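A.B. asks: Chains as they are written, first to last, in the numbering used here: chain A, 1 to 267; chain B, 1001 to 1244. Every residue gets a Cβ at the ideal spot worked out from N, C-alpha and C, and that includes glycine. Being a predicted model, the structure only gives us computed values, none of them experimental. Take this structure first; my questions come after.
Okay, here's the thing in structure tokens:
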């Protein structure tokens, strides 16, 4: 009996350890890189004007947080990202729905959408600067344009690949129109739509970085470009790290929604 | 009151033909089904039995001919008709109870609960369909079909994918519910013993036409091992396989 209890305890301890280990594993590479970075820069192998020391970056982070610049720049960047994402994602979703549900709409618009999709949206940057200047609307426009297509294509694909047998079943059981859409078509398309959203989040940050670097007077990208003029290497690196963190956060949010909406999909 | 006594639909199939392009799947199928009767349609695969069921259900329109319910010509889907498919076709994103109550009003969820109980799945209301076994999924599909007390239940090889023991369980269950609710039932199957166990009449389809229309005069519940049972099953099988 005692032995059994000990065995059980041991098992739970081992399980506990395995759990901690699983949470640690993803962070091993970042930590090793940090250590390597510190060693290489303090030893003078890499000169400070090429790559700043970690401590300098932390210093920049503290300074910019103190004088409020970091907070306001992150806020303005996040605002642009969100506004562009909501507009572009919303339009892409609605277009995807209409084209997925109504063949006439599909015939009417899909060719045009596919043509526009094949233009790299960042190529429009010079045009956007001429149209909107360095104000907010230009960046929101570009982000919206970049986000629209992945959401559109995945929504369309999701709706078109809903199991026809389930739709037939729904009709037999008296569903039609809106109830058929909410009970069968939308949930059936949801996993594909969420993939589109996750991909779009990546496009969103990429577009924003480019737009803020080229044409802006606020935001994280602007902060980096401004620091370049004064050779403040630590601020440039800090900006890059912040972009990485923001990207990771938005990916986590997307994962959370997948977790929430697709819980039936797990065994 | 007459409605409860005459709960099942009576059906008249008038010279149905169905072609897909050059392929003539059904050639002049013509027979009647009484209200409350249990019919089994058997035949080799590809003989057109599932196509016939789709015409009766109103899922497809026949190339020519018509189907009458209670003497009225029928077009399209009818709310009195429910179909059970070979695959359960449960919605994986809805829990079991919501699947059973699909399309019902909010207040009618107790009916769904009762239907689930009648197929022996009380306690599974909160499960996801994918966590159930194949037999349990078909029970949920049966509960979904029964919850709005259909007057005609169409069964398109619903037990074909189940193991032999589960199949016998389901046959007993379907029979007991049919005897209680008195709906008309049409079962498409390739399993002759299943047809003999359940049906009042067996209709054999061959090359798109009725080849045999045979009454099964055995008292219920039927004994699968009895000589009479085996005799009828043997006769039907001989006809399907062209044996003397």
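1. Across which residues does DSSP place residue 1184(B) in a beta bridge pair?
2. Of the choices 262(A), 243(A), 265(A), 232(A), whose alpha-carbon is the least far from that of residue 63(A)?
3. Our contact map puts residue 1043(B) next to residue 1240(B) with C-beta atoms below 8 Å; I'd like the distance itself, whole angstroms only.
4. Please name the residues in the region 173 to 187 of chain A whose beta-carbon is closer than 9 Å to at least one beta-carbon of chain B, in chain order.
5. Would you check if there are 3 or more beta carbon pairs closer than 8 Å linking the region 1074 to 1084 of chain B to the region 1092 to 1107 of chain B?
6. State yes or no: is the beta carbon of residue 1020(B) nearer than 9 Å to at least one beta carbon in chain A?
7. Applying a beta-carbon distance threshold of less than 9 Å, which residues of chain A neighbour residue 1087(B)?
8. Tell me, please, whether the CB atom of residue 171(A) is closer than 9 Å to any CB atom in chain B?
9. As a quick exercise: from 1022(B), 1072(B), 1045(B), 1087(B), pick the residue whose alpha carbon is nearest that of residue 1063(B).
10. Can you confirm whether the region 1061 to 1080 of chain B touches the region 1103 to 1112 of chain B when touching is taken to mean that 3 or more C-beta pairs between the two stretches lie within less than 8 Å?
11. Keeping to the same chain, check which residues put their C-beta closer than 6 Å to that of residue 211(A); ignore five residues upstream and five downstream.
12. For residue 97(A), decide whether its Cβ has a neighbour in chain B, counting only Cβ atoms nearer than 9 Å.
13. Return the first residue and the last residue of the alpha helix (DSSP H) that residue 57(A) is part of.
14. Give me the chain B residues within the contact set of residue 258(A), using Cβ-Cβ distance strictly less than 8 Å, ordered along the chain.
15. Can you tell me whether DSSP reads residue 1175(B) as helix, strand or coil?
16. Take every Cβ of the region 1152 to 1171 of chain B, pair it with every Cβ of the region 258 to 265 of chain A, and state whether three or more of those distances are shorter than 8 Å.
17. Could you check whether the region 1013 to 1031 of chain B touches the region 1145 to 1157 of chain B, counting it as contact only if at least three pairs of C-beta atoms, one from each stretch, sit closer than 8 Å?
18. In the DSSP output, what is residue 1189(B) paired with across the bridge?
19. Can you give the Cα-Cα distance for residue 1137(B) and residue 1124(B), rounded to whole angstroms?
20. Tell me whether residue 182(A) is buried or exposed, calling it buried when 16 or more other Cβ atoms sit within 10 Å of its Cβ.
21. Can you tell which of 174(A), 147(A), 180(A), 149(A) has its C-alpha closest to the C-alpha of residue 162(A)?
22. Nearest chain A C-beta to residue 1140(B) closer than 9 Å, yes or no?
23. At a Cβ cut of 9 Å, what residues of the region 1218 to 1238 of chain B count as close to chain A, listed as they run along the chain?
24. Are the C-beta of residue 1030(B) and some C-beta of chain A separated by less than 9 Å?
25. Please specify which runs of the beta strand (DSSP E), each continuous and at least 3 residues long, are wholly inside the region 1068 to 1132 of chain B, giving them in chain order.
26. With DSSP as the reference, label residue 251(A) as helix, strand or coil.
27. For residue 1004(B), which three-state DSSP category applies?
28. Among the candidates 1204(B), 1194(B), 1026(B), 1209(B), whose CA atom is the shortest distance from the CA of residue 1225(B)?
C.D. replies: Judging by the given coordinates:
1. 1152(B).
2. When 262(A), 243(A), 265(A), 232(A) are compared, the shortest CA-CA separation from residue 63(A) is found for 232(A).
3. Confirmed, about 7 Å.
4. Per Cβ criterion, the list reads 173, 174, 175, 179, 183, 184, 187.
5. They do not touch, by the three-pair rule.
6. Answer no: the Cβ-Cβ gap between residue 1020(B) and chain A never drops below 9 Å.
7. Residues of chain A passing the Cβ test: 165.
8. Closer than 9 Å to some Cβ of chain B, the Cβ of residue 171(A) qualifies, so yes.
9. Comparing Cα-Cα distances from residue 1063(B) to each of 1022(B), 1072(B), 1045(B), 1087(B), the minimum goes to 1022(B).
10. Taking a cut-off of 8 Å for Cβ pairs, the region 1103 to 1112 of chain B and the region 1061 to 1080 of chain B do not touch, as fewer than three such pairs fall below it.
11. Excluding sequence positions up to five before and after residue 211(A), its CB lies within less than 6 Å of the CB of 139, 142, all in the same chain and listed in chain order.
12. By this cut-off, residue 97(A) is not an interface position.
13. Residue 57(A): member of the alpha helix (DSSP H) spanning 54 to 66, first to last residue.
14. Result: empty, since nearest Cβ-Cβ is about 13 Å, beyond 8 Å.
15. Residue 1175(B) falls in the helix class under three-state DSSP.
16. Below 8 Å, too few C-beta pairs join the region 1152 to 1171 of chain B and the region 258 to 265 of chain A to call them touching: fewer than three.
17. Contact between the region 1013 to 1031 of chain B and the region 1145 to 1157 of chain B is not established, with fewer than three Cβ pairs separated by less than 8 Å.
18. Paired residues: 1042(B).
19. Distance between residue 1137(B) and residue 1124(B), taken at the CA atoms: about 11 Å.
20. Residue 182(A) comes out exposed.
21. Answer by Cα proximity: 180(A).
22. So no, residue 1140(B) is outside the interface.
23. When CB distances to chain A are screened at a threshold of 9 Å, not a single residue of the region 1218 to 1238 of chain B falls below it.
24. Put simply, the CB of residue 1030(B) is far from chain A, with every gap to its CB atoms at 9 Å or more.
25. If we require 3 residues or more, the beta strand (DSSP E) runs fully inside the region 1068 to 1132 of chain B come out as 1081 to 1084.
26. In the three-state reduction of the DSSP assignment, residue 251(A) falls in the helix class, which pools H, G and I.
27. Confidence at residue 1004(B) is low in this model, with a pLDDT of 45, below 50, so its placement is unreliable and the value that follows should be read with caution. If DSSP states are grouped into helix, strand and coil, residue 1004(B) belongs with the helices.
28. Selection 1204(B), 1194(B), 1026(B), 1209(B) evaluated against residue 1225(B) yields 1194(B) as nearest (Cα-Cα).
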